[in-house]
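Numbering (my numbering), first residue to last: 1 to 810.
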């Protein structure tokens, strides 16, 4: 704020600077004392009052801060103020924003703009207020007003961005794209465009209207020179041509991209897609849906099957010749793209009707010969490994084994050793080996790790050390041995191996996550929580990583640990949702218009997070459990969340369809692919195959959002309201008994029945079936182990005893 010093409300800078210095150094009491002195000399200064309000808010006195802010607002509205300065308004805006009263800040700026309609600084402040309120129509109107006032290009682009946001987030907004295009065309005809971001925005407007030819014309004209890097221009051109179904021209463009950027794998996939005239799925904003890594290549290409086999073979041969030229021109070991491209071309040949293509195997062998020492080499070719026959798998493993001498201690030898183990793991050969052989492999992995420790002596303690994957793979084998034998010693050895690794290098997050799950499975939740805390998960990682520990803690008696996890998560989410608009304002100010859309979409996705809804319900339930011995405090908690009604509203069918699933399931161990599935709790199936378990894991991951997680979120969102209705139902029932026939709350009984029906559906029953189970439980005829059914039983009994609906009342 120091940069804003000057005369504000007639107060000299030298009197204000000490106050801001005290605020910046967090000496709020000293700042308040100085501000009180300033107010004694300037009692009618809105700026001095705004400063005091800011200090009070930072001291944790929101009510006093709001009162002082409202006094400052009244002074601004009075006839005694002859000049509005942005410093006073921006200070008030900060206070109102922190108090979650953006409407008051907006009204101040609206009033100021009414009094001074040509003041650009005030209009920009008003625009930022609308950005923070996500009021896209008013953003557009204000930006156009600024553009008409001063004619600056940036204000027109602000208006166009506001139109794009309306298209993204409101119904019927598509019609506005024509308006945005017309505004830009008119400006280009009179002033042209002067920024790369402006050109990108114009092309995106045309692209959204599927005017690909017009976009290509713009790109090939004078405006195309705004894109500084030729490769970026070519990628954009290739995308537009492909979307216009000009596949031949698009493939030529992508060839040019690959000639200058041979390691651009995404461009290669688009190149192949255009050659084969597939529908190319270009990058879109992430939806949060889970896809298995083995489908990553296919997700970029969607077959149209429009070409005959001979033509496909001809074009693949042409592509192979091009790729081989790239390999010759790029001999560096850092460039893997052309060599992976060779494998992908042979894979496409297999898909084109040549299932016995031996060249796929040859391409894989060549790849491992050249890049097998790299830690990423096995994961690079995972999708291709699953296409090999049993004999080809054995041959490939023999080829990799022959590439190194295991007795040598070197980085390349260690890398090839790890690659061999990884390929065995990916192919599932370890899954079929006998127990004694698996034990030997696990020992060999640990021994190899220990033998090569000296290679990492010169590395920084926070760098990944050479061979750290070996201990993860060894622990995985030990867990598999436990699953087969039920010998607990294997699990303990897996834990010891990982903790040994963390003694050597304490920053390996993969070890810690595996330990969290191992200790959770053993029921040692304090130890699981301890290892999770050492991960130091912060900011957005809370959204994607919390699933490793929170479900276990919520089902445990360690309520304080669970409450701390919930509190940290909700604080991040609430703070981000409150402050994310500041990033959008920053993007507007720095003219990075693509980031404007990105930031707003990201905020929207987080706001619709399934985990966010679920954890909000968990937070209420944890507070209720902690205060269960005081009825007054329980009622106070329920009152603070509107008696659970808001959570119920968020769980309606329309809202649930829009929820996003943001958990990173790839970091989970293989035996627990989702938080609701643990293979170790199931018996080991001797007749199963590696491919069947791989398919099972992919199915669990892809179904997690629409399966257990969705039902869990629905169920949790109903509980606070059911608790509230149950409490008031009991009160009504007791008061009826005392007053001998007082009227009961029919509406509450009907609402409770509706919620119980919804709860029953979330646990897989109809209301009548669930009622039958509950009555069977109460009579001792049925036993149920599912916790959610027990909860349902409690609410149902309260409903049956207190309801005024005759057919259900006891």
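We treat Cβ as the ideally placed atom computed from N, Cα and C, and that holds for glycine.
None of these values were measured; they are calculated from a predicted model.
Neighbour-count burial assignment, residue i, 16 or more Cβ in a 10 Å radius
i	result
residue 764	exposed
residue 373	buried
residue 743	Annotation note: pLDDT 47 at residue 743 (below 50); position unreliable, coordinate value reported separately. The residue in question, residue 743, is exposed, as its Cβ has fewer than 16 Cβ neighbours within 10 Å.
residue 616	buried
residue 539	exposed
residue 457	exposed
residue 523	exposed
residue 476	buried
residue 434	exposed
residue 362	exposed
residue 506	exposed
residue 215	buried
residue 273	buried
residue 560	exposed
residue 284	Bear in mind that a pLDDT of 46 at residue 284, under 50, signals an unreliable position, so the model cannot answer this.
residue 342	buried
residue 520	buried
residue 587	buried
residue 248	exposed
residue 11	buried
residue 331	exposed
residue 93	buried
Which residues DSSP lists as bridging residue i, in chain order
i	result
residue 689	For residue 689, which the question treats as bridged, DSSP gives no partner whatsoever.
residue 190	Per DSSP, none; premise fails for residue 190.
residue 677	674
residue 321	Beta-bridge pairing links residue 321 to no other residue.
residue 660	609
Residue of the options minimising C-alpha distance to residue i
i	options	result
residue 618	585, 556, 671, 141	556
residue 210	239, 188, 198	239
residue 243	182, 256, 270, 261	270
residue 614	578, 713, 549	713
residue 755	227, 772, 719	719
residue 702	610, 721, 674	674
residue 147	159, 40, 136, 748	159
residue 680	777, 578, 478, 536	478
residue 676	688, 654, 700	700
residue 761	715, 219, 466	715
residue 386	694, 40, 377	694
residue 252	315, 200, 692, 223	315
residue 670	548, 184, 389	548
residue 580	97, 383, 14, 445	97
residue 309	354, 332, 335, 278	354
residue 575	124, 100, 188	100
residue 411	426, 465, 425, 378	465
residue 438	482, 418, 415, 132	482
residue 513	672, 646, 195	672
residue 165	151, 134, 145, 620	134
residue 752	776, 726, 772	726
- Message: Does the region 647-666 come into contact with the region 438-456, if we say contact requires no fewer than three beta-carbon pairs (one atom in each stretch) closer than 8 Å?
- Response: These segments do not touch.
- Go through the region 383-463 residue by residue and report every complete run of the alpha helix (DSSP H) that reaches 4 residues or more, in order. As far as the region 383-463 is concerned, its whole alpha helix (DSSP H) runs of at least 4 residues are 390-401, 411-427, 435-451.
- Message: In chain order, what are the residue ranges of uninterrupted alpha helix (DSSP H) at least 4 long that sit wholly in the region 600-650?
- Response: Counting whole runs of 4 or more residues, the region 600-650 contains the alpha helix (DSSP H) stretches 610-626, 631-640, 645-650.
- Query: Could you give the uninterrupted runs of the alpha helix (DSSP H) lying entirely in the region 186-267, keeping only those of 4 residues or more?
  - Reply: Taking only runs of at least 4 residues, the alpha helix (DSSP H) segments lying wholly in the region 186-267 are 196-208, 212-220, 230-243, 247-260.
- Message: Does the region 680-688 come into contact with the region 630-638, if we say contact requires no fewer than three beta-carbon pairs (one atom in each stretch) closer than 8 Å?
- Response: With contact defined as three or more Cβ pairs closer than 8 Å, the region 680-688 and the region 630-638 are not in contact.
- Message: Count Cβ pairs between the region 660-672 and the region 614-628 that sit closer than 8 Å; are there 3 or more?
- Response: Pairwise C-beta distances place the region 660-672 out of contact with the region 614-628, as fewer than three of them are shorter than 8 Å.
- Task: Indicate whether the contact test is met: 3 or more Cβ pairs, each with one atom in the region 598-611 and one in the region 170-180, closer than 8 Å.
- Result: The region 598-611 vs the region 170-180: no contact.
- Would the region 563-576 and the region 105-123 be scored as touching if the rule is three or more Cβ pairs under 8 Å? Short answer: they don't touch.
- Message: Using 8 Å as the cut-off, can you tell me whether the region 369-388 makes contact with the region 401-415, which would need three or more C-beta pairs spanning the two stretches below that distance?
- Response: Yes, the region 369-388 touches the region 401-415.
- Task: Check whether the region 36-50 touches the region 68-80, counting contact only when three or more Cβ pairs, one atom from each stretch, lie closer than 8 Å.
- Result: Cβ pair count under 8 Å is three or more, so yes.
- Message: Restricting to runs no shorter than 3 residues, where is the beta strand (DSSP E) found entirely within the region 322-372?
- Response: Runs of the beta strand (DSSP E) lying entirely within the region 322-372 and spanning at least 3 residues: none are present.
- Specify whether the region 24-32 and the region 56-68 touch according to this definition: at least 3 beta carbon pairs, one from each stretch, less than 8 Å apart. Yes: the two stretches touch, three or more of their Cβ pairs being nearer than 8 Å.
- Sequence ranges, alpha helix (DSSP H) only - wholly within the region 518-574, length at least 4: Fully enclosed alpha helix (DSSP H) runs of 4 or longer: 525-534, 541-545, 550-554.
- Task: Pick out the complete alpha helix (DSSP H) segments inside the region 41-91, 4 residues or longer, and give them in chain order.
- Result: Correct list: 46-58, 62-77.
- Task: Would you check if the region 175-182 and the region 218-226 touch, i.e. whether three or more CB-CB distances between them fall below 8 Å?
- Result: No, the region 218-226 is not in contact with the region 175-182.
- Message: Under 8 Å: do the region 380-400 and the region 443-450 share three or more Cβ pairs, one atom per stretch?
- Response: Contact fails between the region 380-400 and the region 443-450, because fewer than three Cβ pairs, one in each stretch, are under 8 Å apart.
- Can we say the region 523-534 touches the region 487-494, given the rule of at least three CB pairs closer than 8 Å? With contact defined as three or more Cβ pairs closer than 8 Å, the region 523-534 and the region 487-494 are not in contact.
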